[in-house]
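To start, the structure under review is shown below, and the notes come after it.
2 protein chains.
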Amino acid sequence: MTDTIEQALAEIKFDRDGLVPAIAQQHDTGEILMVAWMNRDAVRATLTEGRACYWSRSRATLWRKGETSDQVQLLRELRLDCDGDTVLLLVDQHGVACHTGRRNCFFRAWRGGDWVVTAEPQISPDTLYPQRTD
Amino acid sequence: MTDTIEQALAEIKFDRDGLVPAIAQQHDTGEILMVAWMNRDAVRATLTEGRACYWSRSRATLWRKGETSDQVQLLRELRLDCDGDTVLLLVDQHGVACHTGRRNCFFRAWRGGDWVVTAEPQISPDTLYPQRTD
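Chains A and B, in that order, are what the protein sequence lines are. Start counting the first sequence at 1; every next residue gets the next number (the numbering used here). Start counting the second sequence at 1; every next residue gets the next number (the numbering used here).
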C-alpha cells in the first residue's frame, strides 16, 4: 500500500513549500465545494483513509476535513491535471463544505460592479464549531 | 470601469508572488476544465475583455487563453471563495481547454494503484499549436 501510494505521489508536482492546490468537487453534481492545499502526508492520508485530508497553512498541521465539524468529504476519486500540479478530489460531501455554514465556499459573484453573495448559510458556524473561540 | 475593477481586486488575496489560483469551470455542465494562475493584471483583463486571461508562470507574461489555439474561454461569471484566495471562472469553453487536445486537464485518475488516463485528445496538439516548436 505504502509503495503504491509513493507511485501516486511521484506524479504530483509539489511547489517550493511542498504543497499542491486541491479542488474538492461533489462527485455527482459537479458543484465545486472548496479549494485547499495538500502536502505529501495529506495525499497519503486521503488515499489511505478514503476521506479528504488537507494541510492547513494557517495552523501548519494536517487537517482531516470534518474532524471538528463532522462535515467529512468521502473520497470517490483522486484526479491529477496534465502538468501534475493540481489535484482534483471527487468527493461525497456530508453537510456543508464552507466554514461559514454554506454548502460551498464560492458564494461571492462579481455582478454589476459589486461582489454579490449568492448563497446563505445552511447551518450556523456556532453549530458547526461549538468549541471555537476565535 | 477601472475604479470598479479596483473594487473587485480589493477583495482578492494575492499570494506573495502576486498570484491567485483560478479554476475554469464550464458554466452549464459543471466540468472543471483547468486551473491556472492570475495576477492583478490578469483579473483586470478578464473582467474588461470578458474572456479568461491568466498569468503564465513559465513564460512570465499575460496569457489570453486561446490567443494561439483559438480555444477561448468566454467569461460568464467570476466568483471568489470565502477567504478570497481562490477565484472561480464560470466560462463557455470554445473547443478544448487542455494543451494535450483534451477537453479538460484532469484526465488522470488514481484507480487500483495506478494512474489511469480517462479521456483521449479530441484534437491533435499539432493542430492546436501549429507554430509551436517545443
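Quick reminder that beta carbons are idealized off the backbone N, C-alpha and C, glycines included.
Whole-Å CB distance - residue i paired with residue j, under 8 Å assumed
i, j, result
"B:Q73", "B:R51", "6 Å"
"A:P121", "A:G95", "Going by Cβ atoms, the distance from A:P121 to A:G95 rounds to 12 Å, so no, they are not a contact pair."
"B:S69", "B:L33", "Between B:L33 and B:S69 the Cβ distance is about 13 Å, and since that is not below 8 Å, they are no contact."
Rounded straight-line distance, which links the Cα of residue j to that of residue i
i, j, result
"B:P21", "B:V43", "11 Å"
"A:A8", "B:Q7", "42 Å"
"A:C53", "A:C105", "17 Å"
"B:R57", "A:L80", "19 Å"
"A:A119", "B:D126", "43 Å"
"A:R40", "B:T46", "33 Å"
"A:K13", "A:L78", "15 Å"
"A:Q71", "A:S124", "13 Å"
"A:D28", "A:D3", "30 Å"
"A:G18", "A:A60", "12 Å"
"B:E31", "A:G30", "7 Å"
"A:L62", "A:W55", "5 Å"
"A:P130", "A:R103", "18 Å"
"A:G112", "B:R16", "29 Å"
"A:W110", "A:V117", "9 Å"
"A:G84", "B:K65", "19 Å"
"A:E67", "A:E49", "13 Å"
"B:Q26", "A:V35", "17 Å"
"B:Q93", "A:Q93", "27 Å"
Residues that DSSP places opposite residue i in a beta bridge
i, result
"A:D92", "A:L74"
"B:Y54", "B:W63"
"A:D114", "A:R111"
"A:V35", "A:I23"
"A:R79", "A:L88, B:A109"
Short Cβ contact (8 Å threshold) for residue i with residue j
i, j, result
"A:E11", "B:W115", "yes"
"B:R76", "B:V91", "yes"
"B:H99", "A:C82", "yes"
"A:L89", "A:I5", "no"
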